[in-house]
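Here is the structure we will look at, set down as structure tokens.
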Amino acid sequence: MHKPLHAIFKQGKLVSAMLLAGALAGCAQSVDMQEQQVSLTQFVSDTQIGEQNEGASENNWWRSLDSAQLNNLVTDALAMNHDLKTSQLQLDAAIARLGLARADYYPQGSL
């Protein structure tokens, strides 16, 4: 019914060894985050991404690229994307239902 004491210690040693191996494996992988941050900062400053897109609308960001072909493609894609229109209508309906559901929490009154 009961496990012998040596079997319990054997399992404990196995679990301890596995935990130690996992901890050592986690410590072995070191990433120099500061070096990566410096390279990312250097890349952004070299490409001047922030200056190029400064003032660009988040909804019409592609217009800052001054490409008539890209503008036409995006316009066509938005016009023909019925799934996107359906999703927008579903989102609008869900927001309206949420407003109605929240209205039940406000005080009600009538004359």
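Throughout the sequence shown, residue numbering follows the numbering used here, covering -4 to 106 in sequence.
C-beta atoms are modelled at their ideal positions from N, C-alpha and C, and glycine is treated no differently.
Please report the straight-line C-alpha distance between residue i and residue j, rounded to a whole angstrom.
| i | j | result |
| --- | --- | --- |
| residue 54 | residue 96 | 30 Å |
| residue 79 | residue 64 | 22 Å |
| residue 67 | residue 34 | 36 Å |
| residue 11 | residue 73 | 58 Å |
| residue 57 | residue 98 | 40 Å |
| residue 105 | residue 94 | 20 Å |
| residue 84 | residue 75 | 15 Å |
| residue 90 | residue 81 | 14 Å |
| residue 37 | residue 59 | 23 Å |
| residue 87 | residue 100 | 21 Å |
Among the residues of its own chain, which have a CB less than 6 Å from the CB of residue i, if the five just before and after it don't count?
| i | result |
| --- | --- |
| residue 77 | none |
Might you give, ordered along the chain, the residues of its own chain that have their beta carbon closer than 7 Å to the beta carbon of residue i, omitting 5 neighbours on each side?
| i | result |
| --- | --- |
| residue 16 | none |
| residue 69 | 57 |
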